[in-house]
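Residue numbers (my numbering): 1 to 642. Glycine is no exception: its CB is placed at the ideal position from the N, C-alpha and C atoms. As the structure is a prediction and not an experimental result, all values here were calculated from the model. Working notes, beginning with the structure itself.
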Ligand SMILES: *[C@@H]1O[C@H](CO)[C@@H](O)[C@H](O)[C@H]1NC(C)=O
Ligand SMILES: *[C@@H]1O[C@H](CO)[C@@H](O)[C@H](O)[C@H]1NC(C)=O
Ligand SMILES: *[C@@H]1O[C@H](CO)[C@@H](O)[C@H](O)[C@H]1NC(C)=O
Ligand SMILES: *[C@@H]1O[C@H](CO)[C@@H](O)[C@H](O)[C@H]1NC(C)=O
Ligand SMILES: *[C@@H]1O[C@H](CO)[C@@H](O)[C@H](O)[C@H]1NC(C)=O
Ligand SMILES: *[C@@H]1O[C@H](CO)[C@@H](O)[C@H](O)[C@H]1NC(C)=O
Ligand SMILES: *[C@@H]1O[C@H](CO)[C@@H](O)[C@H](O)[C@H]1NC(C)=O
Ligand SMILES: *[C@@H]1O[C@H](CO)[C@@H](O)[C@H](O)[C@H]1NC(C)=O
Ligand SMILES: *[C@@H]1O[C@H](CO)[C@@H](O)[C@H](O)[C@H]1NC(C)=O
Ligand SMILES: *[C@@H]1O[C@H](CO)[C@@H](O)[C@H](O)[C@H]1NC(C)=O
Ligand SMILES: *[C@@H]1O[C@H](CO)[C@@H](O)[C@H](O)[C@H]1NC(C)=O
Ligand SMILES: *[C@@H]1O[C@H](CO)[C@@H](O)[C@H](O)[C@H]1NC(C)=O
């Protein structure tokens, strides 16, 4: 059986699947080689509940992390090629005087390793990070209205090879990819569905509108029945299951938050397979048995559309993502066992990366929900257990008895994962600094709440630098990052800053990516909403997104756009012995950290908006809660037009 675009609602798939064609349906959508779909799919045969299927004849196995997967290598040939035209177009717009874009590309486009290999990384930090990151991605997306004029960076997304996200950043990445590589503009446009409506928190559940048909009680019973279904099928569940299902209502544009959408189905999309978009990667940290605090040397696991695993010299292996949930033992599924599909639910993956926020669910008592509902919710939590409430249980452990010499969890039947930022690296750089990926430049969007007023001070970059010098480095290289006092004293967190400019200062300069640090700072609004702010009206939501746009473009500064182009090309200049254009030299003088240190304790960091602030209470746009007022207004408008 073939899934057609018409069969995209999860309820339909789930009801078809609850007949005994489940297996056929799955194989029909995944098995036939060369068969592609138009977008990520609700292809879990039994909705949120993972299903047993016969293993393919080519039985799924863990592969060692010694090189890129074959899937990624062959996809990269298409992707790297597909970035050439967008890069040329963007660089031409960036007005790099003294650099002839077209002739440079004509000369070098057959040598892929000389062309800029670009990564984008979106940090964690809850809804603040989602929104600030969304503003940057909106600015980088050539599909965004007015994003391709002077001073604009539209096309950087189309030029990038990789896009990584962590925690709140994973919600951004997931909401774009699971919704058919949609745009941020569409995600927040009310007529395009009920996603990105944050007026009601995950605790309260969505407004009954758009594709959502549930009230609060129905919402919770929906969350619970999905998760009980998984448990009744014999899988361990944790509070992350409830959390991920709840998040999906805000992020996945389908009825009931699309319980059948899988992360691995991203790889089935035709546009994805053609290399028409960057590779999405989200990360989570591993927690060793018995550990509660996550140390800096926790293993960092990644979910890409094909695989789940880690490059770290601990587990050092990857499992095919679509078969996560199968009983792998020492890297293989025993011949006596069936395989499992549908475990890699897209919401569960995003929930895992953001499992720190599980604890939010425990704040139910402070909401205005009716007491009867609170007591139901409370019973759910006591059934799940409040201990370990920040973890996601991956059971069976896909790396059971795999690499027992270095894999501390190899004897355990469960792999515990926690929020990707818990080891202190709140920007998902780890996947992008893997030597096999050869990334040249990383645009790192940092929405961390490092300072007392919830602004970033590059703590995450410092952590990544420290890790790159330690036992887990395993070939990763990262430029030197000064201490956070220096960052604040030199104002390096108030505008874009480049790290790793001086390749002669580094032992492996050409292999070290240039870091373009884009710290959250206030242009048109105080975008430092606290990490635990759970609901946001649409006025403030859009103000933070606009602020993020301005963070990325430096307020549409044409001189900055030129410098962003120089950053894109920096390693390529070196690799091809191209003389650095004068305009780029002055960019590097302006934006590169030049090695100066000023480690004195700074005074309190309290920036104010540098441009005119957007009005927040002018009710120019209505909050989620005022929906009925908006409806009334539009009805009145209709009458006036008659
Ligand atoms: C996904 O997006 C592509 C490109 O915009 C479009 O051609 C396709 O029809 C979309 N698919 C679905 C199922 O919406
Ligand atoms: C590279 O991309 C161009 C268009 O962007 C296309 O015409 C060409 O076939 C591609 N080459 C390969 C090897 O994919
Ligand atoms: C795009 O730019 C035009 C001209 O400056 C402006 O009128 C329009 O409102 C802008 N649209 C958006 C969505 O920013
Ligand atoms: C949500 O889905 C509807 C129906 O398929 C589509 O029209 C809309 O554009 C989608 N919204 C987003 C943000 O992709
Ligand atoms: C995995 O192993 C467990 C315990 O032996 C068993 O209950 C379960 O059915 C197995 N799963 C599959 C898919 O065979
Ligand atoms: C909410 O309040 C009730 C009654 O005071 C209490 O029993 C319960 O443990 C609280 N729930 C949570 C999640 O704190
Ligand atoms: C930077 O952030 C870290 C992490 O939150 C914090 O401990 C430190 O005090 C901050 N330093 C400055 C100067 O803001
Ligand atoms: C990375 O770790 C693996 C497993 O321990 C080891 O085989 C490999 O040589 C290491 N690579 C580098 C570049 O250190
Ligand atoms: C590079 O510069 C940093 C900061 O000035 C310095 O600490 C480091 O030792 C230098 N590294 C090399 C290899 O020269
Ligand atoms: C930058 O351009 C965007 C898109 O046109 C616009 O919304 C924003 O207000 C501009 N920023 C400034 C500071 O003018
Ligand atoms: C945001 O930052 C400003 C200073 O820049 C501070 O006055 C304000 O209290 C901060 N807001 C939050 C929620 O931390
Ligand atoms: C939206 O939220 C912001 C921040 O909490 C608040 O200042 C503003 O008054 C709200 N605006 C509306 C229209 O509700």
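Report the residue from the options whose alpha carbon sits nearest the alpha carbon of residue i.
i: residue 133; options: 541, 49, 118 and 580; result: 541
i: residue 615; options: 284, 605, 554 and 544; result: 544
i: residue 364; options: 202, 559, 100 and 538; result: 202
i: residue 349; options: 311, 139 and 303; result: 303
i: residue 246; options: 307, 567, 52 and 200; result: 200
i: residue 590; options: 562, 579 and 397; result: 562
i: residue 497; options: 366, 567, 371 and 116; result: 567
i: residue 64; options: 438, 102, 570 and 399; result: 399
i: residue 610; options: 603, 522, 581 and 575; result: 522
i: residue 84; options: 107, 68 and 70; result: 107
i: residue 574; options: 515, 502, 517 and 554; result: 502
i: residue 281; options: 135, 476, 314 and 164; result: 164
i: residue 576; options: 45, 110 and 95; result: 110
i: residue 593; options: 484, 239, 329 and 279; result: 484
i: residue 255; options: 193, 298, 408 and 449; result: 193
i: residue 571; options: 608, 532 and 439; result: 439
i: residue 234; options: 401, 600, 394 and 66; result: 394
i: residue 92; options: 73, 151, 46 and 118; result: 151
i: residue 354; options: 214, 532 and 599; result: 532
i: residue 171; options: 41, 538 and 125; result: 125
In chain order, what residues of the same chain have a beta carbon less than 7 Å from the beta carbon of residue i, not counting five sequence neighbours either side?
i: residue 451; result: 457 and 605
i: residue 333; result: 55, 59, 60, 326, 327 and 339
i: residue 369; result: 204 and 216
i: residue 241; result: 227, 230 and 348
i: residue 403; result: 315, 316, 317 and 410
i: residue 491; result: none
Taking the straight line between their C-alpha atoms, what separation do you get for residue i and residue j?
i: residue 586; j: residue 98; result: 13 Å
i: residue 216; j: residue 190; result: 21 Å
i: residue 375; j: residue 227; result: 18 Å
i: residue 396; j: residue 291; result: 19 Å
i: residue 356; j: residue 168; result: 10 Å
i: residue 524; j: residue 551; result: 10 Å
i: residue 335; j: residue 120; result: 41 Å
i: residue 588; j: residue 88; result: 21 Å
i: residue 146; j: residue 138; result: 10 Å
i: residue 300; j: residue 479; result: 19 Å
i: residue 515; j: residue 565; result: 13 Å
i: residue 486; j: residue 602; result: 8 Å
i: residue 323; j: residue 262; result: 11 Å
i: residue 507; j: residue 94; result: 31 Å
i: residue 510; j: residue 114; result: 11 Å
i: residue 560; j: residue 208; result: 44 Å
i: residue 481; j: residue 465; result: 7 Å
i: residue 222; j: residue 512; result: 47 Å
i: residue 337; j: residue 264; result: 21 Å
i: residue 196; j: residue 352; result: 19 Å
Using a Cβ-Cβ cut-off of 6 Å (strictly less than) and excluding sequence neighbours within five positions of residue i, which residues of its own chain qualify?
i: residue 80; result: 112
i: residue 140; result: 153, 156 and 157
i: residue 142; result: 148, 154, 155 and 158
i: residue 44; result: 260, 262 and 342
i: residue 49; result: 229, 230 and 233
In the DSSP output, what is residue i paired with across the bridge?
i: residue 497; result: 517
i: residue 309; result: 302 and 318
i: residue 339; result: 53
i: residue 415; result: 394
i: residue 443; result: 120 and 516
i: residue 345; result: 262
i: residue 61; result: 332
Apart from the five residues on each side of it in sequence, which residues of its chain come closer than 8 Å, Cβ to Cβ, to residue i?
i: residue 294; result: 285, 287, 418, 422 and 423
i: residue 135; result: 184, 544, 545, 546, 547, 548, 549, 550, 551 and 552
Jot down the residue ranges of each uninterrupted alpha helix (DSSP H) in the stretch 524-587, minimum 4 residues, whole runs only, in chain order.
538-553 and 558-575
Where are the alpha helix (DSSP H) runs, 4 residues long or more, that stay fully inside the stretch 162-220, in chain order?
168-178 and 184-187
Entirely within the stretch 226-299 and at least 4 residues each: give me those alpha helix (DSSP H) ranges in chain order.
Listed in chain order, they are 239-251 and 270-273.
Please list the segments of the beta strand (DSSP E) lying wholly inside the stretch 84-133, counting only runs of 3 or more residues, in order along the chain.
118-122
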